[in-house]
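Working notes, beginning with the structure itself.
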Amino acid sequence: MASFVRFTLDGKTCLAEEGAQLVAAAREAGVYIPTLCNYPGIPPKGACRICTVLVNGIPQTACTTKVVEDMNVATTTPELEAFRRSVVEILFAEGNHLCPSCERSGNCELQALAYRYRVTVSNFPYLFPKRDVEAWHPKLVKDHNRCIQCKRCIRGIHNAAGHAIFAFGKRGDKVVINIDPDTSKDIDDELAQRAMDICPVGAILRKGKGFDVPIGRRTYDRAPIGSEVRP
Amino acid sequence: MTRKIVIDPVTRVEGHGKVTIHLDDAGNVAQSRLHIVEFRGFERFVQGRPYWEAPVLVQRLCGICPVSHHLSGAKAMDVVVGAGTGDGLTPTAEKIRRLMHYGQIFQSHSLHFFHLASPDLLFGYDADPATRNVIGVALANRELATQAVLMRKYGQEVIAATAGKKIHGTGAIPGGVNKSLTAEERDRLLKGDGGPLNADQMVAWSQGALAFFKDYYQKHKAFIDNFSKFPSNHLCLVRKDGALDLYHGVLRAVDAEGRRILDDVDCQDYLQHFREEVKSWSYMKFPYLKKLGPEKGWYRVGPLARLNVVDFIPTPLAQKEFEEFKAATGGKPNDMCMHTHWARLIEVLHAAEKMRELLRDPDVLGNDLVVRGARRPEGVGIIEAPRGTLFHHYAVGDDDLIKMANLIVSTTNNNEPMNRAVNYVATTYMAGQKEITEPMMNAVEVAIRAYDPCLSCATHAYGQMPLDLTLVDAAGAVVARRRKN
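In the order they appear, the protein sequences are chains A and B.
Using numbering that gives the first Met the number 0, the final residue of the first sequence is 230, and nothing's skipped along the way.
Using numbering that gives the first Met the number 0, the final residue of the second sequence is 484, and nothing's skipped along the way.
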């Protein structure tokens with residue numbers, strides 16, 4: 000039988016299974032902590048920092064933090080909210096995110112968070128980087144303009160032999176996530192669709208598929224991000 | 000003394016342009032030009048993007064008739080995905096697209112006639128600019144203004160129901176559409192929610208708008224018949240049987256006498272018949288029919304050209320109006336610029352009838368939305384946009400990225416006619432005049448407005464824009480200047 004720990008979440012005492020991830024435990028308790036690089040079922044990475052909360056007064060990423068007894072967590076201070084908004088702004092300024100013609104518009108987690116934090120324009124200077132669209136693969140397109148390097152695809156998409164089909168290329172600010180020509184060779188439509196679905200933005204697209212879901216029926220047309228978590 | 004007259008920007012059109020008129024020592028028009036001073040670049044930056052993004056990306060050219068670009072792009076990509084060249088879609092997909100398009104025609108034509116053109120007709124081109132505007136129309140004719148707003152709203156509601164939203168939707172995708180209508184959506188558009196926004200009311204109001212114009216015509220016949228009248232060739236898509244078809248057909252052109260100079264041309268072959276000339280003083284190209292050359296091969300597009308080219312209109316009420324329209328010129332092509340407003344209102348009625356017909360068709364509720372076939376490397380999509388024939392041509396690589404895009408936009412097709420219209424007004428109203436008055440300046444704009452140009456598409460802003468007119472002597476010194484804000 001699972002053992003439970005008692006912790007404080009935004010001033011309220013809550014229960015969670017011992018060792019539970021803080022993002023999931025908060026969700027169980029009806030508190031939404033925004034995430035981008037986190038994805039259910041794959042190991043957390045703490046890459047995007049948008050889930051940063053105060054644990055006993057110290058900033059920590061909630062996706063990589065496990066709940067322990069007597070932990071005191073603050074999730075929505077004005078400083079944290081401003082920080083999260085900045086993370087969204089930085090990501091928009093760092094890449095080329097042109098929502099009007101993007102296939103993932105309405106299904107994009109970054110766009111949905113920008114709406115949540117009312118980001119109409121980034122306060123950071125736009126870099127407008129010159130990036131490629133990688134389209135050699137028969138089933139996938141990798142649009143580097145939109146990639147936020149969250150690594151969800153690297154961690155979550157593997158071929159039948161268990162090898163990752165996406166991999167890092169280059170280094171530093173030139174880093175890109177490429178499709179691995181060897182491990183991605185024989186992927187089927189289902190895996191290609193999972194690769195597209197695991198991407199929080201529109202950086203991984205299935206070839207020949209686009210705008211299939213009409214406006215009004217897309218994920219965030221129906222309800223804003225985070226609204227599925229009810230206190 | 001040589002004088003240069005500059006009208007910058009031209010107002011009550013979509014987009015930014017300016018007019019320059021040079022008068023020689025004797026006060027005659029030495030040169031007149033409509034310059035398009037903005038640059039867009041969509042043909043370049045769609046390159047390298049996945050082909051299925053094109054219909055959604057290129058429609059951002061315009062906020063007035065994005066549906067036209069959306070559908071032209073989608074039609075070109077239908078060819079690329081092997082869904083045929085205009086007749087391969089499922090009945091539901093084609094009818095939903097047609098409904099979207101007729102909604103677009105209806106709202107765009109209503110916007111132009113009531114909001115942009117009617118102030119000149121209601122008050123006269125020489126009336127006080129303080130009243131010669133859409134607010135003046137609303138104050139002088141409340142019922143007309145209300146109908147104008149609601150007619151535009153109805154068209155936009157049709158677009159929202161078929162494309163997902165009123166402006167810049169995503170409904171048309173390569174090989175079909177991503178949604179059909181629900182029974183609730185169909186019933187709301189057909190019958191309204193107890194209010195005036197229903198299909199029958201739109202037909203009735205369209206007839207009312209035509210009656211309004213014809214009444215005006217009877218009282219101002221000399222002006223409507225003679226203002227900016229000049230012969231030209233005319234081009235549009237026609238259905239195979241010669242009917243007006245704004246969504247799909249073959250290309251046909253007639254000369255000023257009505258002789259066919261281009262007939263039964265498949266859209267995919269357009270490049271064999273058209274060329275574009277570039278001039279250093281404008282961002283807008285000058286298209287012409289290849290076999291006639293740039294001097295004789297230029298043509299008009301849009302409502303007037305369409306009614307000059309087609310044999311009949313396949314809806315009864317509009318056909319009756321068409322017969323009256325044709326009778327005015329004894330069946331010959333109509334080259335009276337201001338009759339474009341008449342032709343446009345006949346198309347408004349046709350669009351209202353077509354929307355009602357489509358909404359009564361059970362196919363618009365179907366679920367068979369997309370077809371695909373063998374991939375092709377190139378595709379051409381041509382549609383009759385509100386302002387005229389619109390060409391989209393794309394080449395797509397084996398990697399599914401767009402390699403080449405060529406757009407010949409409706410207003411681009413009307414470039415030469417608009418320049419001729421400017422020259423007509425300059426020659427008629429300004430030549431020999433010592434003082435250039437505001438009505439003279441507006442007369443130039445009235446001539447341009449008849450074409451309902453969308454200058455942003457052609458290489459878009461309606462609002463309070465300043466109009467600057469400067470008289471400069473041969474040495475470049477400013478002799479006189481008039482400005483309105």
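Quick reminder that beta carbons are idealized off the backbone N, C-alpha and C, glycines included.
This one's a predicted model, so the numbers in the text were calculated from it and none came from an experiment.
Contacts around A:Thr-34, its chain only, beta-carbon distance under 7 Å, and the 5 residues preceding and following it disregarded: Cβ-Cβ distances below 7 Å link A:Thr-34 to Val-22, Ile-49, Cys-50 and Cys-62 in the same chain, with the five nearest sequence neighbours on each side left out; the list follows chain order.
Segment contact flag, the region 212-230 of chain B with the region 132-144 of chain B, C-beta cutoff 8 Å, min 3 pairs: As far as the Cβ criterion goes, the region 212-230 of chain B does not touch the region 132-144 of chain B, which means the pair count is below three.
Interface partners of B:Gly-168 on chain A, CB under 7 Å: In chain order, Ile-214 make up the part of chain A whose C-beta sits under 7 Å from the C-beta of B:Gly-168.
Segment contact flag, the region 55-73 of chain A with the region 88-104 of chain A, C-beta cutoff 8 Å, min 3 pairs: Taking 8 Å as the limit for Cβ pairs, the verdict is that the region 88-104 of chain A does not touch the region 55-73 of chain A.
Near-chain B residues of the region 177-209 of chain A - C-beta to any C-beta below 9 Å: Per Cβ criterion, the list reads Leu-204, Lys-206, Gly-207, Lys-208 and Gly-209.
Alpha-carbon spacing of A:Ile-197 relative to A:Gly-155, whole angstroms: One C-alpha to the other measures close to 8 Å.
Extent of the continuous alpha helix (DSSP H) run through A:Arg-253: Residue 253 of chain A lies beyond the range of chain A shown here (0 to 230); nothing can be said about it.
Proximal chain A residues relative to B:Val-55, where beta-carbon distance stays under 7 Å: Those are Ser-100 and Phe-210, listed as they occur along chain A.
Three-state class that DSSP yields for B:Leu-400 in the structure shown: Judged by DSSP in its simplified three-state form, B:Leu-400 adopts strand.
Sub-9 Å separation of B:His-438 and B:Tyr-215 beta-carbons: The sequence given here has Pro at residue 438 of chain B, not His. Using a Cβ distance threshold of 9 Å, B:Pro-438 and B:Tyr-215 do not count as a contacting pair.
Cα-Cα separation between B:Leu-245 and B:Gln-318, rounded to whole angstroms: As the crow flies, the alpha-carbon of B:Leu-245 is around 15 Å from that of B:Gln-318.
Spatial neighbours of B:Gly-365 in its chain, beta-carbon cut-off 6 Å, leaving aside the 5 residues before and after: Thr-91 and Ser-179.
DSSP three-state assignment for B:Gly-102, whether helix, strand or coil: DSSP, read as helix, strand or coil, puts B:Gly-102 in helix.
Residue ranges of each alpha helix (DSSP H) within the region 4-49 of chain A, 4 or longer: Assignment of alpha helix (DSSP H) within the region 4-49 of chain A, counting only whole runs of 4 or more residues, yields 21-27 in chain order.
Residues of its chain near B:Val-300, where Cβ-Cβ distance is below 7 Å and the 5 sequence neighbours each way are ignored: Cβ neighbours of B:Val-300 beyond the five flanking positions: Leu-234, Cys-235, Gly-387, Thr-388, Ser-409, Asn-412 and Asn-413.
Residues that B:Arg-59 contacts on chain A, provided the C-beta gap is smaller than 9 Å: For the C-beta of B:Arg-59, the chain A residues within less than 9 Å are, from N- to C-terminus, Pro-99 and Ser-100.
Proximal residues of chain A, C-beta to C-beta of B:Lys-178 below 7 Å: Neighbours of B:Lys-178 on chain A, chain order: Pro-213.
9 Å Cβ cutoff met for B:Val-78 and B:Leu-209: B:Val-78 is not a Cβ neighbour of B:Leu-209, given a cutoff of 9 Å.
Beta carbon proximity, B:Arg-371 to chain A, threshold 9 Å: At least one chain A Cβ lies under 9 Å of B:Arg-371.
Spatial neighbours of A:Tyr-114 in its chain, beta-carbon cut-off 7 Å, leaving aside the 5 residues before and after: The residues are Pro-223.
For B:Val-395: DSSP bridge partner residues: Note: B:Val-395 sits in a beta bridge opposite B:Ile-401.
Opposing strand residues paired with B:Glu-434 [DSSP bridges]: BP columns for B:Glu-434 are empty, so no partner.
8 Å Cβ cut-off: residues of chain B touching A:Val-132: Residues of chain B passing the Cβ test: Gly-47, Arg-48, Pro-49 and Leu-400.
9 Å Cβ cutoff, A:Val-140 in contact with chain B: At least one chain B Cβ lies under 9 Å of A:Val-140.
Three-state secondary structure assigned by DSSP to B:Ser-71: In the three-state reduction of the DSSP assignment, B:Ser-71 falls in the helix class.
Rounded distance between the beta-carbons of A:Arg-145 and A:Gly-207, thought under 8 Å: With a Cβ gap of about 18 Å, A:Gly-207 and A:Arg-145 do not count as contacting.
Length of the line joining the Cα atoms of B:Gly-155 and B:Ile-6: It is worth fixing the name first, because residue 155 of chain B is Gln in this sequence and not Gly. A straight-line Cα-Cα distance of about 33 Å links B:Gln-155 and B:Ile-6.
Min CB distance B:Pro-173 to chain A below 9 Å: B:Pro-173 belongs to the set of residues whose beta carbon lies under 9 Å from a beta carbon in chain A.
CB of B:Leu-368 within 9 Å of CB of B:Lys-94, strictly: Between B:Leu-368 and B:Lys-94, the C-beta spacing is not below 9 Å.
Start-to-end residues for the beta strand (DSSP E) that takes in A:Ala-73: Judged by DSSP secondary structure, A:Ala-73 falls within the beta strand (DSSP E) whose first and last residues are 71-73.
Within-9 Å CB hit, B:Lys-164 to chain A: True, the Cβ-Cβ gap to chain A drops below 9 Å.
Beta-carbon proximity list for B:Lys-74, same chain, < 6 Å, skipping 5 on both sides: So the list reads Gly-380, once near-sequence residues are dropped.
For B:Pro-376, three-class secondary structure by DSSP: DSSP places B:Pro-376 in coil when its eight states are reduced to three.
Sequence-distant residues of its chain with Cβ nearer than 6 Å to B:Tyr-153 (five each side left out): Cβ within range, chain order: Leu-196 and Met-201.
Closer than 9 Å to chain A by CB, B:Gly-396: It does: the Cβ of B:Gly-396 has a partner Cβ on chain A nearer than 9 Å.
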